[in-house]
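**Q** For the sequence shown, my numbering gives the first residue as 185, with consecutive numbering after it. Every residue, glycine too, gets a C-beta built ideally from N, C-alpha and C. Following this message is one structure expressed as structure tokens.
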Amino acid sequence: MQQFDVLIIGSGLAGLSTALRLAEHKTVCLVSKRSINDTASDWAQGGIAAVLADDDSIESHVQDTLTAGGGLCDETVTKMVAEHAKGAVEWLIDQGVGFTRTADDQGFHLTREGGHSHRRIIHAADTTGHAVQTTLSEKVKQHPNITLMENHIAVDLITARKMSSSANQPPPASDYHSDANACLGAYVLDKTSGKVITIAAQNTVLATGGAGKVYLYTTNPDISTGDGMAMAWRAGCRVANMEFIQFHPTCLFHPHAKSFLISEVVRGEGGLLKLPDGSRFMLEHDDRLELAPRDVVARAIDFEMKKRGLDCVYLDIRDKPLAFIEAHFPNIYQRCLSYGIDISKTPIPVVPAAHYSCGGIMTDDKGRTDIKHLYALGETACTGLHGANRLASNSLLECLVFGQTAAADILSQVAKPSPQLPYWDESRVTDADEEVLITHTWDELRRFMWNYVGIVRTDKRLSRALHRIHMLRAEVDEFYSNFKISNDLIELRNLLQVAQLIVESAISRKESRGLHFSKDHPQTEAEPIPTVLEPLNYDSLLERKAG
Ligand code: FAD
Ligand code: SIN
């Protein structure tokens, strides 16, 4: 058993920033299932939202966030995040992140994205995430108090309740936040040796990112398999608003481009959406045109593609001079050029793709979950900031602000030694006989989630999806019980769990709001109500529904 003050699972912006804020005072173990920079954070393009301009205000940032969130944002949390944004950006600048400056070098250049009433996105050209990720990861690698474990995948959390004899009985609701259900660490598979190690920690932080890989088409990297959400759910945490999956309107449409985003700042700087005949169509969908919030733009594109039988629509930035394009979007320009598309001369073919999980593990304003000593930060969490639809560039900001509040909360605790934890028991499993079940199930899941639980939903499509998930889960659970675990099996099991939570949440929302649009329930109810799933009552909820 290895022992640390804090175990952080995930090396994206949430994990790295929390680790650096803790490491002066605590021993930290940072676990990452691939290499340290293999994260969604590294892929972020547009930037970080913060009120930095004189003509902007915190109230306006809060209002834009609430408007995008469709009535489901927590106003107190939103205000707290907007107020901390400037400090969070200054912290990054102190760490050495080189944000793009204005042409006259008088300050930082601020760009614009959909739903924002002001220019307030600080960025490093169109590779903001890479600049932030690599700056912080270099600091993490050099810190003497941080033990970095790359190529290690967390399998499950270890809780006091799981270790006690009452593990199979439903605990009383009073178990939330009590020592009886505290998190004590996690089991982690060393992917190189194939051994599962036990890591004990006084506090455990889930910073495992989103779940975009549950869909066939996504802007997300391969690591985004919802592991943290699934682990927290199995351990007894509530999840909220899982139905609100954000589809980014403009992912590059090209047979050889896997998951390449065309940043919203291309529209922010004047890019226009067009049909193949060159006509604009946003005029018919929303007054805010190309800069309407993402749910509106993604639905408009989906509508036009289905109505006209199109494979894609086009994003046209040809009005801007080449020098402007090269200065503002160097990465997008070069990447498109590598596929034979010169965006200064040709409109960019684009389609919507799954981009961001607005829901996740329920937390308070310090990132604390229902389980004592377990925190959830970044995309895996549902803090109340995003409501029914996240405002562009509020995600990196959320990672930073909650990394700070969670670290402060952890630092305020009195240190306690960890108890001895049980080892992972592999005595009853054998090597897997064939891997085809994993690849086939993964493919099937992502395809029907795209077709049945996508941008536009119906009751029938959702219940079909749920039926299939139940069948696949039964097969995969059996496989999991009988064979040695592998990275792919762990991820598939988690993806199926998260898919079920998304579909259950979508089924329970009998209205359309934000990112959840149902043809059978197109109305928006007067009272916004979050969808909260409780694992403690989940089985009885399903039984009641079946009955
Ligand atoms: P991630 O950065 O995804 O990191 C997750 C980490 O957890 C990884 O290290 C992963 O390996 C690890 N992990 C996961 N499961 C396990 C496990 N079981 N065991 C061990 N390790 C595990 N947001 C903005 O605000 N502005 C933008 O401009 C922006 N652009 C984006 C562009 C793209 C293409 C994408 C995909 C997203 C963008 N977003 C943007 C969203 C934003 O990047 C993410 O929401 C954010 O980076 C999530 O950070 P995170 O730290 O929560 O997770
Ligand atoms: C983008 O650059 O379009 C992505 C920004 C975000 O997801 O916040």
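Below 7 Å, is the gap between the Cβ of K703 and the nearest heavy atom of the ligand FAD?
**A** Not so, every heavy atom of the ligand FAD lies at least 7 Å from the Cβ.
**Q** Here's the rule: buried if 16 or more other CB atoms are within 10 angstroms of the residue's CB, otherwise exposed. What is T409?
**A** T409 should be labelled buried.
**Q** Where do the ends of the alpha helix (DSSP H) carrying N678 lie?
**A** Here the alpha helix (DSSP H) through N678 covers 671-692.
**Q** Terminal residues of the continuous beta strand (DSSP E) containing I337?
**A** It spans 336-343 - the beta strand (DSSP E) in which I337 sits, taken as one unbroken run.
**Q** Can you check DSSP and say which residues form a bridge with S702?
**A** DSSP lists R641 as partners of S702.
**Q** Could you tell me whether any Cβ in chain D is nearer than 8 Å to the Cβ of A252?
**A** No chain D is part of this structure, which consists of one protein chain only.
**Q** V215: beta carbon under 7 Å from a heavy atom of the ligand FAD?
**A** Yes, since a heavy atom of the ligand FAD falls inside the 7 Å radius drawn around the Cβ of V215.
**Q** Decide if P802 is buried, meaning its Cβ has at least 16 other Cβ atoms within 10 Å, or exposed.
**A** Past the boundaries of the shown model lies residue 802; the chain is included only from 185 to 731, so the question cannot be answered.
**Q** Any heavy atom of the ligand SIN closer than 7 Å to the beta-carbon of G455?
**A** No, the beta carbon of G455 sits no closer than 7 Å to any heavy atom of the ligand SIN.
**Q** Return yes when the C-beta of A482 is under 7 Å from any heavy atom of the ligand SIN, and no when it is not.
**A** Flag unset: Cβ of A482 not near the ligand SIN.
**Q** Please state if the CB of V389 and the CB of I337 are separated by a distance shorter than 8 Å.
**A** Cβ atoms of I337 and V389: not closer than 8 Å.
**Q** According to the neighbour-count rule (16 or more other Cβ atoms, all chains shown, within 10 Å of its Cβ), is R552 buried or exposed?
**A** Per the 10 Å Cβ criterion, buried.
**Q** So, at 6 Å on beta carbons, what are the nonlocal neighbours of E742 in its own chain, with the 5 sequence-adjacent residues on each side left out?
**A** With the chain running from 185 to 731 in the structure shown, residue 742 is simply not present.
**Q** Which residue's Cα is closest to the Cα of L341: A441, N387, F465, A395?
**A** If we check each option's Cα against that of L341, N387 comes out closest.
**Q** What is the DSSP secondary structure of Y559, counted as helix, strand or coil?
**A** In the structure shown, Y559 sits in a strand (DSSP, three-state: E or B).
**Q** What residues match up with A538 in a beta bridge as DSSP calls it?
**A** A538 is bridged to T402, F431.
**Q** What would DSSP say about K458, mapped onto helix, strand or coil?
**A** Looking at K458 - three-state DSSP - the assignment turns out to be strand.
**Q** Any chance the CB of S577 is under 7 Å from a heavy atom of the ligand SIN?
**A** Indeed, a heavy atom of the ligand SIN lies less than 7 Å from the Cβ.
**Q** Name the DSSP bridge partner or partners of A565?
**A** I545, per the DSSP bridge assignment.
**Q** Can you name, in chain order, every residue of its own chain whose Cβ lies under 8 Å from the Cβ of E610, other than the five neighbours on each side?
**A** If we look at E610 and ignore the five residues flanking it on each side, its Cβ neighbours are V380, K668.
**Q** Just mark Y559 as buried or exposed, buried being the case when its beta carbon has 16 or more other beta carbons within 10 Å.
**A** Flag for Y559 reads buried.
**Q** Can you give me the C-alpha to C-alpha distance between P712 and G255, rounded to a whole angstrom?
**A** Looking at the two C-alpha atoms, the distance is approximately 6 Å.
**Q** Less than 7 Å separating the Cβ of Q229 from some heavy atom of the ligand SIN?
**A** Checking every heavy atom of the ligand SIN against the Cβ of Q229, one is found closer than 7 Å.
**Q** Is it the case that the Cβ atoms of E334 and I220 are separated by a distance below 8 Å?
**A** Contact: yes.
**Q** Quick check on the DSSP output: the alpha helix (DSSP H) that includes T260 runs from which residue to which?
**A** Element bounds for T260: 259-279.
**Q** Do the stretch 528-537 and the stretch 565-572 touch if we need at least three Cβ pairs shorter than 8 Å?
**A** No, they do not touch.
**Q** Please check the pair A252 and L575, which I expect to be a contact at CB under 8 Å, by giving their CB distance rounded to whole angstroms.
**A** That pair is a contact at about 4 Å.
**Q** Could you tell me which whole alpha helix (DSSP H) segments of length 4 or greater appear in the stretch 288-336?
**A** Correct list: 312-326.
**Q** Is DSSP giving V215 helix, strand or coil here?
**A** V215: strand per DSSP, three-state reduction.
**Q** DSSP on N666, reduced to helix/strand/coil?
**A** Of the three classes helix, strand and coil, the one that applies to N666 here is helix, per DSSP.
**Q** Just confirm the distance between the C-beta atoms of H209 and Q588, as a whole number of angstroms; I'd bet it's less than 8 Å.
**A** Not really, about 14 Å apart at Cβ, beyond 8 Å.
**Q** I need the straight-line Cα distance from E448 to F513, nearest angstrom please.
**A** The straight-line gap from Cα to Cα measures roughly 11 Å.
**Q** Would you check if the distance between the CB atom of H300 and the CB atom of A234 is smaller than 8 Å?
**A** Not a contact, by the Cβ cut-off of 8 Å.
**Q** Under the rule that 16 or more other beta-carbon atoms within 10 Å means buried, what is A649, buried or exposed?
**A** With 16 or more other Cβ atoms within 10 Å, it is buried.
**Q** Let's test the definition: count the other Cβ atoms within 10 Å of the Cβ of S443 and tell me whether it reaches 16, buried, or not, exposed.
**A** When all chains shown are included, S443 counts as buried.
**Q** Can you look up R502 in the DSSP assignment and give me helix, strand or coil?
**A** Residue state, collapsed to three classes: coil.
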